[in-house]
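Shown next, in C-alpha cells, is the structure this report addresses.
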C-alpha cells in the first residue's frame, strides 16, 4: 500500500498535467456537454459552413485536417491577392491600362481557384482516410477514455475556431505562427505560392495594360482617319454645296460689317449732336445766367458800401477789375458739366465758380504826414509855422477778376475742354438766348434791310482804303454765321472785319469786337475817315463792345448783319448803341 500511494499521486499529477486548461476550470467542465450537444445536433449545419480563401471554399473539417504549412501558404496567398487588388483598384480610374491589369489579375485568380478546387477534393479524400484510421485507433485504445475524450474536445475546438491545438498554449502558439506568416508575406510580397502566381499576374497584367493602351490609341487613330476620310469624300462629292455655303457666309459677314458700320455712324452722330446742342431748357439757361448776374450785382453793391461799412478813414482807394462775364461761356461750362441741368441744380456750382472768378481784398495803409501849424510866441507875440506830424489812414479795396474762362479751363479736363469749345463755336444751337446770334434782321439787331450804297469816288483815291473796301465788298450779301471767320465758313461781325484787314497786311488775328477795340487807337467821329472801325455796345447781352463795322464815311458802314450789309450808323437803332471809333495800325 505504501508503494502504491506515491504511484497514485503521480498519476493524479500526470492526469492534472494532461488536462491543464486556462483558469476557471469549472466553466470549461460546464461547456463540455454544450460542445458535445452542438456537434451531435448541428453536424449538418457544421458541414454547411465554409471558410473562403480567395475564391476557394474550404469547410472547417477540411481546414482542421490541413497541416500548418498548408494553412500558412493558403493565408499568405489570400493576403497577397488582396494587396494586389487594392493596389490595382486604387489607380483603376487614372489609366485605362490599370483596368486591363485588374482583369489579368482576376483571370489569374480564376486559374488559381480552379487548381485549389482540385486540391480541396484531394484534401477531402485524405480526410476520409484519416477519419477511418482514427476510428480504428479509438477502438483499439478504449481503455483510455479520458485521453480520447480530451483529444475529441481538442478537435471540436479546432474545428470551431479553425486554429487547431489541444489546449490554450498550443492555440496561442499557432496564432503567433499564423501572424508571423502574415507579416512575412506582406513584407516579401507573398510566399512561395504568391511568387509562383505573382510573376504570371505581373506579366499578364503588364501585357494587358500595354494591349489596353494600344487598343485605345488604335481606336483614336482609326476614328480620326475615318472622320478625315469622310470629310474629304463629302467635299469631293458635294463641292457645289460647299461653294454655296461659303458664299452665304461671306454675305453674312458683309451684312454684319454693314450693321456694325451703321451703328458706329449712328453713335458718332448722336455723340456729335450731343456735344453741339444745349440740352437744358431755355428758362433754366437764362435763369442760371440771371442768378450769376445777381451775384455780380451784390459784389458791386458791397464795394460801393465800403465807406459805410468801414468808416473813420482819411481816404478810400479802389483797385478794381471790371465785374463782367460772358454768358455763353457760363452756359457752355454748365452744359459740359451737367448736360440737361435745371436752374436749381447748378446753384452751388454758380457760387463756387463766382468765388474762384472774383477775389475781393481790403487793407489799411497808415502814412505819417505833416501839416503846417501857425504858432505865436508867447514872449514876443510873433507868429511862426511848425510842421506837425499826424497819421493819415487809407482804406484800400482791391477786386481781381480772374476771368471766367480761366476758371473754366482749370475745372475741365482735356476731353471736357474740347466739348466746351464746340459749344462756344456753335452757341449750343441757340444763338437767340442772350440777344446775340441771329435775331430778326441780323446779328446787329437793327431789323432793317441792307442799303444799296455806293462809296464816293473821292474816298477810293486812298489806295489803302480802296484795297480794304475791295476785299470787304466781295462778301456783301453773305449770310451771317456765328463764330465764322472765313469765306468757307461764313462770317460774324468780328470775324468779317478781322478777315478783311488781315488780307491787307494787318495782323489782328482772330478776336472779338471788344478785342478789336482794345487793339485800335480810339478816335472821335470827327477824326474818323473811311477804313477806320466803328464800335457799338448793348446790341446783345455781353460785356464790352458787342458789334463792330468798317466805317465808309458819310455816316455809313458795312458790317456782318444777316446778311453782310451796309447800314447808317445814325439810324434810330444804331445811334443808341454807338460807342466810338477806332483806327488800326500795321
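Numbering (the numbering used here), first residue to last: 49 to 634. We put the CB at the ideal spot given by N, CA and C, even for glycine.
Problem set entry | Sheet register partners of residue 364 (DSSP bridge) | Your numbering for residue 364 matches position 316 in the chain shown. Answer is 443, bridged to residue 364.
Exercise. By how many angstroms is the C-alpha of residue 184 removed from the C-alpha of residue 226?
Worked result: Translated into positions along the chain shown, residue 226 becomes position 178. Translated into positions along the chain shown, residue 184 becomes position 136. So the alpha carbons of these two residues sit roughly 32 Å apart.
For this session: Taking 8 Å as the threshold, find out whether the stretch 590–604 comes into contact with the stretch 557–573 through three or more Cβ pairs.
Result: yes
Problem set entry | residue 302 (DSSP reduced to helix, strand or coil) | As a working mapping, residue 302 is identified with position 254 in the chain shown. Looking at residue 302 - three-state DSSP - the assignment turns out to be helix.
Exercise. Whose CA, out of 541, 327, 406, 478, lies closest to the CA of residue 608?
Worked result: Within the chain shown, the letter at position 560 stands for residue 608. For residue 608, the nearest C-alpha among the options comes from 541.
For this session: State the start and end residues of the unbroken beta strand (DSSP E) segment that holds residue 416.
Result: Taking the first residue of the chain shown as position 1, residue 416 is located at position 368. Run containing residue 416: 406–424, per the beta strand (DSSP E) assignment.
For this session: Give the range of the alpha helix (DSSP H) segment to which residue 456 is assigned.
Result: Start at 1 with the first residue of the chain shown, and residue 456 comes out as number 408. Taken as a continuous stretch (DSSP letters only), the alpha helix (DSSP H) holding residue 456 covers 452–459.
For this session: Find out if the Cβ-Cβ distance for the pair residue 337, residue 378 is shorter than 8 Å.
Result: Within the chain shown, the letter at position 289 stands for residue 337. Within the chain shown, the letter at position 330 stands for residue 378. Yes, Cβ-Cβ distance for residue 337 and residue 378 is below 8 Å.
Problem set entry | Close-in-space but distant-in-sequence residues of the same chain around residue 455 (CB under 7 Å, 5 per side omitted) | Walking along the chain shown from the start, residue 455 turns up at place 407. Counting only Cβ-Cβ distances below 7 Å, and skipping sequence neighbours, we find 401, 404, 405.
Problem set entry | Per-residue burial, residue 479 [other beta carbons within 10 Å of its own, 16 or more giving buried] | Taking the chain shown and counting its residues from 1, the one referred to as residue 479 is at position 431. It counts as buried.
Exercise. Roughly how many whole angstroms lie between the Cα atoms of residue 613 and residue 588?
Worked result: Within the chain shown, residue 613 is the residue found at index 565, counting from 1. Within the chain shown, residue 588 is the residue found at index 540, counting from 1. Taking the straight line from one Cα to the other gives about 19 Å.
Exercise. Hey, how far is the Cα of residue 364 from the Cα of residue 348?
Worked result: Stepping through the chain shown from its first residue, residue 364 is reached at position 316. Stepping through the chain shown from its first residue, residue 348 is reached at position 300. Taking the straight line from one Cα to the other gives about 16 Å.
Problem set entry | For residue 116, the three-state DSSP class (helix, strand or coil) | As a working mapping, residue 116 is identified with position 68 in the chain shown. In the structure shown, residue 116 sits in a helix (DSSP, three-state: H, G or I).
Problem set entry | Distance, residue 452 Cα to residue 465 Cα | Your numbering for residue 465 matches position 417 in the chain shown. Your numbering for residue 452 matches position 404 in the chain shown. Whole-angstrom Cα-Cα distance: 14 Å.
Exercise. Residue 625 and residue 586 look like a contact to me (Cβ under 8 Å); what is the Cβ gap, rounded to whole Å?
Worked result: Stepping through the chain shown from its first residue, residue 625 is reached at position 577. Stepping through the chain shown from its first residue, residue 586 is reached at position 538. Confirmed, Cβ separation roughly 5 Å.
Problem set entry | Stretch-stretch touch, CB-based, cutoff 8 Å, three pairs: the stretch 518–533 with the stretch 541–553 | yes
Exercise. Is the stretch 327–347 touching the stretch 551–563, taking contact as three or more C-beta pairs under 8 Å?
Worked result: no
Exercise. Short check: CB of residue 513 to CB of residue 597, under 8 Å?
Worked result: Working through the chain shown from its first residue, we reach residue 513 at position 465. Working through the chain shown from its first residue, we reach residue 597 at position 549. Going by C-beta atoms, residue 513 is not nearer than 8 Å to residue 597.
Exercise. How close, in whole Å, do the beta carbons of residue 361 and residue 443 come, if the pair is a contact with beta carbons under 8 Å?
Worked result: The count along the chain shown starts at 1 and reaches residue 361 at position 313. The count along the chain shown starts at 1 and reaches residue 443 at position 395. That pair is a contact at about 4 Å.
Problem set entry | Check whether residue 472 and residue 572 have beta carbons under 8 Å apart | Against the chain shown, residue 472 aligns to sequence position 424. Against the chain shown, residue 572 aligns to sequence position 524. Cβ atoms of residue 472 and residue 572: not closer than 8 Å.
Problem set entry | residue 625: first and last residue of the uninterrupted alpha helix (DSSP H) it sits in | Taking the chain shown and counting its residues from 1, one reaches residue 625 at position 577. Element bounds for residue 625: 620–625.
Exercise. Measuring CA to CA, which of 439, 421, 440, 437 is closest to residue 431?
Worked result: Taking the first residue of the chain shown as position 1, residue 431 is located at position 383. Closest by alpha carbon: 421.
Problem set entry | Enclosing alpha helix (DSSP H) for residue 564 [first to last residue] | Translated into positions along the chain shown, residue 564 becomes position 516. 561–567 is the span of the alpha helix (DSSP H), which, as asked, contains residue 564.
Problem set entry | Contact set for residue 412: own chain, Cβ-Cβ below 8 Å, skip 5 residues either direction | Position 364 of the chain shown, counted from the first residue, corresponds to residue 412. These residues qualify, in order along the chain: 361, 441, 442, 443, 444.
Exercise. Looking at the unbroken beta strand (DSSP E) that takes in residue 599, where does it start and where does it end?
Worked result: As a first step, residue 599 must be located in the chain shown, where it is residue number 551. Note, residue 599: beta strand (DSSP E), 595–601.
Exercise. If we count the other Cβ atoms within 10 Å of its Cβ and call it buried at 16 or more, is residue 623 buried or exposed?
Worked result: In the chain shown, the residue the question calls residue 623 occupies position 575. Answer is exposed; the Cβ neighbour count stays below 16.
Exercise. Is DSSP giving residue 389 helix, strand or coil here?
Worked result: Here residue 389 refers to the residue found at position 341 when the chain shown is read from its first residue. It is coil, neither helix nor strand.
Exercise. The alpha helix (DSSP H) with residue 615 in it runs from where to where?
Worked result: Residue numbering aside, residue 615 sits at position 567 when the chain shown is read from its first letter. Per DSSP, residue 615 belongs to no alpha helix (DSSP H); it is in the beta strand (DSSP E), 612–616.
For this session: Please name the residue, chosen from 326, 409, 416, that lies closest to residue 435 on a Cα-to-Cα basis.
Result: Against the chain shown, residue 435 aligns to sequence position 387. Per the Cα distances, 416.
Exercise. Does the beta-carbon of residue 503 have 16 or more other beta-carbons within 10 angstroms, so that it is buried, or is it exposed?
Worked result: Here residue 503 is taken as the residue at index 455 of the chain shown, counted from 1. Counting Cβ neighbours within 10 Å, residue 503 comes out buried, since at least 16 surround it.
For this session: Could you name the residues that DSSP lists as bridge partners for residue 449?
Result: Stepping through the chain shown from its first residue, residue 449 is reached at position 401. Beta-bridge pairing links residue 449 to 406.
Exercise. What three-state label does DSSP hand residue 514 in the structure shown?
Worked result: Taking the chain shown and counting its residues from 1, one reaches residue 514 at position 466. Reduced to three states, the DSSP call for residue 514 is helix.
Exercise. Which value, in whole angstroms, describes the spacing of the CA atoms of residue 505 and residue 374?
Worked result: Taking the chain shown and counting its residues from 1, the one referred to as residue 505 is at position 457. Taking the chain shown and counting its residues from 1, the one referred to as residue 374 is at position 326. Computed Cα separation, rounded: 42 Å.
Exercise. Between the Cα of residue 629 and the Cα atoms of 438, 569, 124, 127, which residue gives the shortest distance?
Worked result: Along the chain shown, read from residue 1 onward, the residue named residue 629 stands at position 581. Of the candidates 438, 569, 124, 127, the one whose C-alpha sits nearest the C-alpha of residue 629 is 569.
Exercise. Are residue 332 and residue 389 touching if we call contact CB-CB under 8 Å?
Worked result: The residue you call residue 332 lines up with position 284 of the chain shown. The residue you call residue 389 lines up with position 341 of the chain shown. Yes.
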